Structures are given as structure tokens and as C-alpha cells.
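*Asks:* Each protein sequence line maps, in turn, to chains A and B.
Oh and the first sequence: position 52 is 51 in numbering that gives the first Met the number 0, straight run, nothing missing.
Oh and the second sequence: position 11 is 10 in numbering that gives the first Met the number 0, straight run, nothing missing.
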Amino acid sequence: METTDKERERAQKLFQAFGEIKDEHVEDAAEHVRPDARSDERTKIDHSLRVRRLNRYLVPLAAALVLAVAAGAFYHVQRTDNAAYSSMDTESAQESDGTEAVASANPYVEAQSAEEAGNLAGVAFNVPDEAEITKILGTSVTAQYFVLDGSLAEADYADADGNALLTIREEAGTDDISGDYTDYPYETTETLTGGAAMTLKGNSEDEFFLATWTDGTDSFSIQALGTGLSLTDIKNIAEQVASGN
Amino acid sequence: MQDEQIIDLYFARNERAISESDTKYGGYVQSISHNILGDLEDAKECRSDTWLHAWNAMPPFHPEKLCAYFGKIVRNLSLNRYEKEHAQKRGGSEVPGVIDELAECLADTNADVETQSEGKEITAVLNDFLEELDPKKRALFVRRYFYASPIRDIAHDYEMRESAVKMQLLRMRGELKQQLMDHGIIL
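#1: Rounded to the nearest angstrom, what separates I6 (chain B) and I72 (chain B) at their Cα positions?
#2: Since D155 (chain A) meets chain B, which of its residues come closer than 8 Å, beta carbon to beta carbon?
#3: Candidates A:G193, A:A152, A:K200, A:G172: which alpha carbon is nearest Y185 (chain A)'s?
#4: Could you please give me the residues that DSSP links to I167 (chain A) through a beta bridge?
#5: Using a Cβ cut-off of 8 Å, pull out every chain B residue sitting near Q15 (chain A), in sequence order please.
#6: Flag R74 (chain B) as yes if its beta-carbon sits less than 7 Å from any beta-carbon of chain A, otherwise no.
#7: Quick check on K5 (chain A) - is its C-beta less than 7 Å from some C-beta in chain B?
#8: Taking a Cβ distance cut-off of 9 Å, strictly less, list which residues of the stretch 135–164 of chain B are near chain A, in chain order.
#9: Please return the same chain residues whose Cβ sits closer than 8 Å to the Cβ of I20 (chain A), not counting the five positions on each side in sequence.
#10: Where does F69 (chain B) sit, in a helix, a strand or coil, going by DSSP?
#11: Can you say whether D182 (chain A) is buried or exposed, counting buried as having 16 or more other CB atoms within 10 angstroms of its CB?
#12: Buried or exposed for T141 (chain A), going by 16 or more other Cβ atoms inside 10 Å?
#13: Per the contact definition of three or more C-beta pairs closer than 8 Å, is the stretch 218–232 of chain A in contact with the stretch 112–121 of chain A?
#14: Whose CA, out of B:S47, B:E19, B:G37, B:A106, lies closest to the CA of D181 (chain B)?
#15: Closest Cβ-Cβ distance between Q11 (chain A) and chain B: below 7 Å?
#16: Within 7 Å of any Cβ in chain A, is that where the Cβ of A123 (chain B) sits?
#17: Relative to chain A, which residues along the stretch 2–24 of chain B have a C-beta separation below 8 Å, given in chain order?
#18: Below 8 Å on the Cβ atoms is my guess for L139 (chain B) versus I121 (chain B); work out the distance and round it to an integer in Å.
#19: Is A28 (chain A) close to chain B? Criterion is C-beta to C-beta, closer than 7 Å.
#20: Alpha carbon to alpha carbon, how far is P149 (chain B) from A16 (chain A)? Give it in angstroms, no decimals.
#21: Spell out a yes or no on whether the stretch 159–177 of chain A and the stretch 125–144 of chain A are touching, meaning 3 or more CB-CB pairs, one atom from each, closer than 8 Å.
#22: According to DSSP, K200 (chain A) sits in a beta bridge with which residue or residues?
#23: Between R160 (chain B) and the rest of its own chain, which residues show a CB-CB distance below 7 Å, the 5 nearest in sequence each way excluded?
#24: Since Y66 (chain B) meets chain A, which of its residues come closer than 7 Å, beta carbon to beta carbon?
#25: For A49 (chain B), which residues of its own chain have a beta-carbon under 7 Å away from its beta-carbon, when the five flanking residues on both sides are left out?
#26: Using the C-alpha atoms, what's the distance from R7 (chain A) back to Y144 (chain B)?
#27: Check the DSSP bridge columns for A159 (chain A) and list the partner residues they point to.
#28: Going by other Cβ atoms of all chains shown within 10 Å of its Cβ, with 16 needed for buried, is L224 (chain A) buried or exposed?
#29: Applying a beta-carbon distance threshold of less than 8 Å, which residues of chain A neighbour S92 (chain B)?
#30: For E14 (chain B), which of helix, strand or coil comes out of DSSP?
#31: 7 Å is my cut-off, CB to CB: does L66 (chain A) come that close to chain B?
#32: Whole angstroms are fine: how far does the CA of E93 (chain B) sit from the CA of D41 (chain B)?
#33: If you run the structure through DSSP and keep just helix, strand and coil, what is E40 (chain A)?
#34: From E90 (chain A) to G18 (chain A), what does the alpha carbon distance come to, in whole angstroms?
#35: Please report the straight-line C-alpha distance between D133 (chain B) and R142 (chain B), rounded to a whole angstrom.
#36: Shorter than 7 Å from the beta carbon of K176 (chain B) to some beta carbon of chain A?
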């Protein structure tokens, strides 16, 4: 029998009520709702691009929320009858006078060059330039440089359409700084010229998405954000980074 | 990174919280949004919006289960967007099918708005109902009606035939309908 519009409206209310079931039920069923079963990309992070994208609309959106509060326009949020969502927007309202602080709290500082990023972060940060990465990846790239929290230098390489392809990081210390916690099916180790043991992770012996190593003083990571890199290519990049330290 | 560490980053107003959230839960939230919206670009935007909402909520809100918290945020964001932009589109969204299925749980009624049950009452019955199910059945039900997962995905994930999933869901919807009626829930 055909569902009527009225029935759909009532069923929609039931569907919305499912949004408030106990967290434990949501979490228990989350096992398979995991990395990108239905997306065209792997679950990896383009750290700086995401933060920059966030900041681009954080201020206007926060301002809009303030106006919405002033206009008493939380009707829609309340109508969704979802505590998680409504509590969030309430907090947005409470922080209305703190939106500037949110926007200005960005720990990412853009540098004009890899050298400047290295100086600001207190590391050597000898990363391949655009031409070298273009040659390795076989596609024209542009690079942007950032310093995170005043200590981590990052180079982001993107193609002509702005798609992030590669991120290289360096920070003093020996911890894993990649931020990539994907459980890759293949892992191996390669020794760099200076003797550092580099951990490589990816899908196979010739498709790598992550390289991490430390020279005992600094920690490094190379993360492929588009397609995976061959062993030759990722090792080539790593050798260039490592040779400057 | 552990969930509590991610929450600490939010409380420290460290934007690394966002990248760490996305690294660990980006695929999860995007998958939920895609189930609801059926559009990859929209799902990606909801994924980004999820972190923004979390950023605005923490502090002071401290979620006990970060995974479920993000899941609920993105579900709501996606449903709001669905209502605004996709109500007339069927597309790849699972929502129309899910709504049609849930309509089977409705009791016949001529109730007007004033006698309708509140969302909290409905959720309380749903939670009681879910508690009584065995874990696998509960997961199937939650996958379909919280996550709006396609039947084929559920069948694949739980190594079942699609027809078996449909049959299990049908039976559980019948049981839920009875429970809703027993508790006087009017939708």
C-alpha cells in the first residue's frame, strides 16, 4: 500500500527520534560504518587545508549564529528535538562574544617559504620545491607552507585544481607527527642514507600513503593525499628531506 | 589518538582537534551523511560542519562517547539539509526507503497535533525496545534506522542475504509497532 504524505510525516518523526537513542547503541552498531564505505576517498587528513577551510567560514558562520540568537531563530534547532544538536547550538550562542577568540585561535601560521616555516618551527625543513615534486608526481603542483603550534613545519602540495596531493611535516622530537592513524594493510621499513629507519605504510609494496621516521632529534612524516606513491618516489622524497638534517 | 585526547584538544581550543577528529572519524561521519543525502559533495560539507559544531560545543559539553556524539551531530546536520534541499529528490538517499519502512510502525490514528507524543517519549520507547533485542538484531536495526545504511551494505557487513536482512527488519518493525501501541505512543 502506498505511503501517504501524512504517514511519511509521522514516520519522519519516528526517524528523527532514532537520532536520540542511547550512545551505546549507536557506538555498538558503528563497527562497519567506518572509513569511507561510501565515499570516493580514503579516510585521511588534509590537516591544514581543512583548518583553513574551517576558518574561511568560521567567522561569518559564527556571526550568523549570533544574529540568529538575537532574532530568536532557534526554532528549527529545537524542532529537530535532538539534544546533541540543540545543546551544540546553545553553546554557540553562549560563546557569541567569544567568536573572535575562536577565529583567531588558529595555531596554523602560513609561511612564505619552506625556509621561513623551518625557522619559525625551529627545524631545518629542507623539503623538495614545487618543481621537484612536480617531477616526481608527474603533475604540476603548487606548495604552501605552514607552522602549527609554533613547532611543526608543514608543506602542502596541491595540483592545479587545489586538490591536496602531498604533505610533509617536521617537528623537533621523536613522536609520530603524521596525524594519520589509518590502519594500512601493508607496512615495511626502509633505511635512509643517514641511517634512520623509515616506516612505510600503504596498500601494497609499491603503493604507499605514509612515511614516518626520526633522526633522533626531529620527527618527519610524508603523507600522500591523492594516489599512493611508489617505493621509489616516496623514498626519493624522504631522502631529500632527510639529507637537509 | 584516543577519544579523550581528542576531547582534550577541543577543551584546549587547539584546532588540531579538528584534524584529529577528521582523521579518526571523517569516514564514519561522511558515510552517515552520504546514506542520508545520497550526494558525496553534500556529505563532505556535512563532514566539515560536524567538526565546526563540535568545536562550538566543546567546551563545556563533554561527550561520553565521541563516536556516537559525532554520529548524532552529522545525522542531524544531514537530516536538516535533506529537509531543505532533498525533500523532493530521491537520488541516492536511503531516507525515502527508511521512512516508508518506518511508516509500517505507525498505528492507525486520527490524533491531532495536541495529542501527539513528544520526541523524548518516543525515544524512551525506542531505547527500551532496543534493549530487549539481542545484540546482532539491535545492530541491524540501528544500522538501518539510525545510520540509514542501505540494506545491501548491512547484508554485506553482517554476512547475511539481503532478503534475510529485510525479513529481520520487517519482524522487528512489527514488534516496535506493538511496543509503540502498548505505550500509547501517537505519532
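Backbone N, C-alpha and C fix where the C-beta goes; we use that ideal spot for every residue, glycine too.
Since the model is a prediction, treat every value here as computed from it, not as a measurement.
*Replies:* Reading from the atomic positions:
#1: 15 Å
#2: Result: empty, since nearest Cβ-Cβ is about 12 Å, beyond 8 Å.
#3: A:K200
#4: A:A154, A:I221
#5: L78, G118
#6: yes
#7: no
#8: R137, A138, L139, F140, V141, R142, Y144, F145, Y146, A147, S148, P149, D152, I153, H155, D156, Y157
#9: none
#10: helix
#11: exposed
#12: exposed
#13: no
#14: B:A106
#15: yes
#16: no
#17: R12, N13, E14, R15, I17, S18, E19, D21, T22, K23
#18: That belief does not hold up - the Cβ atoms of L139 (chain B) and I121 (chain B) are roughly 20 Å apart, past 8 Å.
#19: yes
#20: 19 Å
#21: yes
#22: A:E186, A:L209
#23: A154
#24: Looking at the sequence provided, one finds Cys at residue 66 (chain B) rather than Tyr. The contacting residues are E26, A29.
#25: Checking the sequence, you will find Thr at residue 49 (chain B) rather than Ala. Result list for T49 (chain B): V28, F69, I72, V73, L76, in chain order.
#26: 14 Å
#27: Bridge partners of A159 (chain A): none, in fact.
#28: buried
#29: None at all; the shortest Cβ gap to chain A is about 12 Å.
#30: coil
#31: Residue placement at L66 (chain A) cannot be trusted, given a pLDDT of 45 that sits under 50; what the coordinates show is reported in the next sentence. L66 (chain A) does not count as touching chain B.
#32: 14 Å
#33: Because the pLDDT of E40 (chain A) is 37, which lies under 50, any placement of that residue in the model is unreliable, and the number read from its coordinates should be weighed accordingly. E40 (chain A): coil per DSSP, three-state reduction.
#34: With a pLDDT of only 34 at E90 (chain A), under the threshold of 50, the placement of this residue in the model should not be trusted; the figure read from the coordinates follows. Roughly 20 Å separates the two Cα atoms.
#35: 14 Å
#36: no
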